[in-house]
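Asks: The sequence shown finishes on residue 360 if you use the numbering used here, and the numbering steps up by one all the way, no holes.
Sharing a structure with you now.
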Amino acid sequence: MLPVLAVYTFAIKKGATVLSKQTVGILGYGLYLPEHYMTAAEIAAATGGMWAEEAIVEKLGIVKKTIPGPDDGTQEMGVRAAQDALRRTGLHPKEIDVILCVGEEWKEYPLTTSALYIQDKIGAVNAWGIDIANRCCTTCTAIKMAKDMLLADDEIDTILIAGGYRNGDFVDYTDKNMSMMYNLAAGGGALILRKGMQQNLVLGSHIMGDGSLARAAGVEIGGINKPFTKDNIAEGYKSLRLMDAQRMKDRLNEVSVPNWYHCIDESLRKSGGLTRKDIGYLAILHFKRSQHVHMVAELGLTPEQTTYLEDYGHVGQIDQILSLCLGLEQGKIKDGTLVNMVAAGIGYVWASTCVRWGKG
């Protein structure tokens with residue numbers, strides 16, 4: 001086995017040249033949440049009596065969730081989150097070298113490039129951009145990609161990760177198989193990653209997939225295989241479905257939880273041999289209440305070491321950014337806290353990323 005070589009860079013400070021190990025950190029984050037909400041009572045009503053309000057709250061863990069207003073397009077919410085990140089950090093947009101857009105494929109105009117829409121709107125004229133899609137794992141995936149790019153390319157110093165999400169538009173609340181997606185919400189998020197930082201360090205990531213579930217869930221109508229016709233348009237816009245519900249549920253029951261824990265443990269190992277006891281805050285996506293409670297306990301954490309997104313719903317790949325923001329605002333994340341970001345997305349993909357917040 002070849003030896004692992006540390007990557008170094010020369011940092012110039014007040015005329016002196018200092019040899020330091022190369023690092024990548026989070027310069028800052030941005031968030032955009034619509035002002036409109038759908039309550040548990042409204043979700044229960046939309047199911048036509050299949051679900052009671054109490055069950056929506058207690059079992060599915062949704063008190064309310066954000067829903068888009070008339071101007072909350074997917075690309076536009078990504079722009080607003082990016083602008084928020086620029087305001088919070090004071091970074092000039094011309095300093096951005098690359099934009100990795102984590103926004104969804106459901107957007108204002110199909111086949112347009114969301115990363116370049118964001119580039120234009122925020123004035124990042126020196127950046128090139130690309131859209132990446134890994135469903136609700138896209139942010140964790142983008143963090144790994146951004147870190148790898150920053151360390152591999154001497155001409156890339158700053159990367160913006162940004163995007164919007166509103167896949168809840170496609171949910172048919174009368175579909176009994178879709179209760180796992182009643183929580184789909186709306187919003188935008190952004191992260192700015194920078195080379196050479198000495199705080200908020202991005203550590204290890206681990207991602208794994210199961211392609212046998214690639215078409216077990218998705219929007220069934222409106223693509224090449226089942227295109228829109230004059231007779232199916234209304235149905236098509238509510239056709240986010242489990243297209244192979246029983247096989248998907250059986251397979252997830254078999255592999256999902258073990259894959260999640262494997263990703264968490266591997267991301268910790270890749271972060272310098274850390275273990276579960278080192279986790280200080282769990283930035284995890286929204287899912288049903290019992291599963292959240294079980295995972296927090298299984299990892300040896302307390303409820304105060306995470307944030308359950310019952311007042312927001314599942315904003316797709318934006319959940320990790322939202323949870324990070326809430327954890328900081330609520331004082332749950334402090335200097336030196338090891339933040340573990342955890343995600344899963346239909347396809348099926350699982351991911352975990354570690355960040356050492358502050359200077360600890």
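Glycine is no exception: its CB is placed at the ideal position from the N, C-alpha and C atoms.
Kindly list the residues whose CB is nearer than 6 Å to the CB of residue 344, restricted to its own chain and excluding five residues on each side of it in sequence; keep chain order.
Replies: One-based indexing of the sequence shown puts residue 344 at position 344. For residue 344, where only same-chain residues beyond five positions count, the Cβ hits under 6 Å are 350.
Asks: For residue 154, which three-state DSSP category applies?
Replies: Position 154 of the sequence shown holds residue 154. Correct three-state label for residue 154: coil.
Asks: DSSP three-state call for residue 65: helix, strand or coil?
Replies: The residue given as residue 65 occupies position 65 in the sequence shown. Here residue 65 sits in strand by DSSP.
Asks: So residue 242 packs on residue 214, CB below 8 Å; how close in whole Å?
Replies: Indexing the sequence shown from 1 puts residue 242 at position 242. Indexing the sequence shown from 1 puts residue 214 at position 214. Actually they do not touch by this definition, with Cβ atoms about 13 Å apart.
Asks: Tell me the rounded alpha-carbon separation between residue 141 and residue 56.
Replies: Numbered from its first residue, the sequence shown carries residue 141 at position 141. Numbered from its first residue, the sequence shown carries residue 56 at position 56. In a straight line, the C-alpha of residue 141 is about 30 Å away from that of residue 56.
Asks: Grab the span of the alpha helix (DSSP H) containing residue 216 for me, first residue to last.
Replies: Along the sequence shown, one-based indexing puts residue 216 at 216. Per DSSP, residue 216 belongs to no alpha helix (DSSP H) and is neither H nor E.
Asks: Within 10 angstroms of the Cβ of residue 380, are there 16 or more other Cβ atoms? Answer buried if so, exposed if not.
Replies: It is not possible to answer for residue 380, since the shown part of the chain is limited to 1 through 360.
Asks: Rounded to a whole number of angstroms, what is the C-alpha to C-alpha distance between residue 60 and residue 155?
Replies: Along the sequence shown, read from residue 1 onward, the residue named residue 60 stands at position 60. Along the sequence shown, read from residue 1 onward, the residue named residue 155 stands at position 155. In a straight line, the C-alpha of residue 60 is about 46 Å away from that of residue 155.
Asks: Please report the straight-line C-alpha distance between residue 184 and residue 319, rounded to a whole angstrom.
Replies: As a first step, residue 184 is located in the sequence shown; it is residue number 184 there, counting from the start. As a first step, residue 319 is located in the sequence shown; it is residue number 319 there, counting from the start. Roughly 11 Å between the two C-alpha positions.
Asks: Among residues of its own chain, excluding the 5 on either side of residue 46, which ones have a beta-carbon nearer than 7 Å to its beta-carbon?
Replies: As a working note, residue 46 is residue 46 in the sequence shown. Cβ neighbours of residue 46 beyond the five flanking positions: 173.
Asks: Let's see if you can read the secondary structure: which residues bound the alpha helix (DSSP H) around residue 255?
Replies: Residue 255 sits at position 255 when you count from the first residue of the sequence shown. Residue 255 -> alpha helix (DSSP H) spans 245-269.
Asks: Could you pull out every residue in the same chain whose Cβ sits closer than 6 Å to the Cβ of residue 340, ignoring the five residues on either side in sequence?
Replies: Position 340 of the sequence shown, counted from the first residue, corresponds to residue 340. The residues are 279, 282, 354.
Asks: If we ignore side chains and look at the alpha-carbon of each, how far apart do residue 218 and residue 199 end up?
Replies: Locating residue 218 in the sequence shown gives position 218, where the first residue counts as 1. Locating residue 199 in the sequence shown gives position 199, where the first residue counts as 1. Using only the alpha carbons, I get a separation of about 39 Å.
Asks: Quick check on residue 202: does DSSP put it in helix, strand or coil?
Replies: For the purposes of this step, residue 202 is identified with residue 202 of the sequence shown, where counting begins at 1. In this structure, residue 202 counts as strand in the three-state DSSP scheme.
Asks: Count Cβ pairs between the stretch 62-72 and the stretch 189-198 that sit closer than 8 Å; are there 3 or more?
Replies: Because the criterion of three Cβ pairs below 8 Å is not met, the stretch 62-72 and the stretch 189-198 do not touch.
Asks: Helix, strand or coil for residue 15, going by three-state DSSP, please let me know.
Replies: Locating residue 15 in the sequence shown gives position 15, counting from the first residue. Confidence is the limiting factor: at residue 15 the pLDDT is only 35, short of 50, which leaves the residue's position unreliable and the question unanswerable from this model.
Asks: Using a 10 Å radius around the Cβ and a threshold of 16 neighbouring Cβ atoms, would you call residue 170 buried or exposed?
Replies: Mapped onto the sequence shown, residue 170 falls at position 170. Buried, since its Cβ has 16 or more Cβ neighbours within 10 Å.
Asks: Pick helix, strand or coil for residue 346, following the three-state DSSP scheme.
Replies: Indexing the sequence shown from 1 puts residue 346 at position 346. Of the three classes helix, strand and coil, the one that applies to residue 346 here is coil, per DSSP.
Asks: Rounded to whole angstroms, what is the Cα-Cα separation between residue 49 and residue 331?
Replies: Against the sequence shown, residue 49 aligns to sequence position 49. Against the sequence shown, residue 331 aligns to sequence position 331. When rounded, the distance between both Cα atoms is 40 Å.
Asks: Check whether the Cβ atoms of residue 143 and residue 202 lie closer than 8 Å to each other.
Replies: Here residue 143 refers to the residue found at position 143 when the sequence shown is read from its first residue. Here residue 202 refers to the residue found at position 202 when the sequence shown is read from its first residue. Their beta carbons are under 8 Å apart, which means residue 143 touches residue 202 by this criterion.
Asks: What is the rounded straight-line gap between the Cα of residue 96 and the Cα of residue 163?
Replies: By one-based count along the sequence shown, residue 96 stands at place 96. By one-based count along the sequence shown, residue 163 stands at place 163. Each residue's Cα considered, the two are about 15 Å apart.
Asks: Could you check which residue in 23, 33, 25 has the C-alpha nearest to that of residue 322?
Replies: Working through the sequence shown from its first residue, we reach residue 322 at position 322. Among 23, 33, 25, the Cα nearest to that of residue 322 belongs to 33.
Asks: In the DSSP output, which residue or residues are listed as bridge partners for residue 100?
Replies: Against the sequence shown, residue 100 aligns to sequence position 100. In the DSSP output, where bridge partners are listed per residue, residue 100 has 130, 161.
Asks: Residue 273: which of 64, 31, 204 sits nearest, CA to CA?
Replies: Indexing the sequence shown from 1 puts residue 273 at position 273. Nearest option by C-alpha distance: 204.
Asks: Classify residue 338: buried if its beta carbon has 16 or more other beta carbons within 10 angstroms, exposed otherwise.
Replies: By 1-based counting over the sequence shown, the position of residue 338 is 338. The residue in question, residue 338, is buried, as its Cβ has 16 or more Cβ neighbours within 10 Å.
Asks: DSSP state of residue 226, grouped into three classes?
Replies: In the sequence shown, residue 226 corresponds to position 226, counting from 1. Looking at residue 226 - three-state DSSP - the assignment turns out to be coil, as it is neither helix nor strand.
Asks: Given this structure, state the Cα-to-Cα distance separating residue 86 from residue 30, to the nearest angstrom.
Replies: Along the sequence shown, read from residue 1 onward, the residue named residue 86 stands at position 86. Along the sequence shown, read from residue 1 onward, the residue named residue 30 stands at position 30. Their Cα atoms are separated by approximately 8 Å.
Asks: Identify the residues that DSSP records as bridge partners of residue 36: which are they?
Replies: Position 36 of the sequence shown holds residue 36. DSSP, once it has assigned bridges, lists 67 as partnering residue 36.
Asks: For residue 62, which residues from the same chain have a beta carbon less than 7 Å from its beta carbon, with the 5 sequence-adjacent residues on both sides left out?
Replies: To locate residue 62, count along the sequence shown from 1; it is residue 62. Answer for residue 62: 40, 43, 56, 182, 183, 310, 313, listed in chain order.
Asks: Under a three-way DSSP split, which group does residue 281 fall into?
Replies: Translated into the one-based positions of the sequence shown, residue 281 becomes position 281. Note: residue 281 maps to strand in three-state DSSP.
Asks: Of all the options 239, 251, 197, which has the alpha carbon lying nearest to the alpha carbon of residue 212?
Replies: The residue labelled residue 212 in the question sits at position 212 within the sequence shown. Taking only the C-alpha atoms, the option nearest residue 212 is 251.
Asks: Using DSSP's beta-bridge definition, name the partner residues of residue 92.
Replies: Residue 92 sits at position 92 when you count from the first residue of the sequence shown. Partner(s): none; residue 92 has no beta bridge.
Asks: Is there contact between the stretch 74-84 and the stretch 113-122, where contact requires at least three CB pairs shorter than 8 Å?
Replies: Cβ pair count under 8 Å is three or more, so yes.
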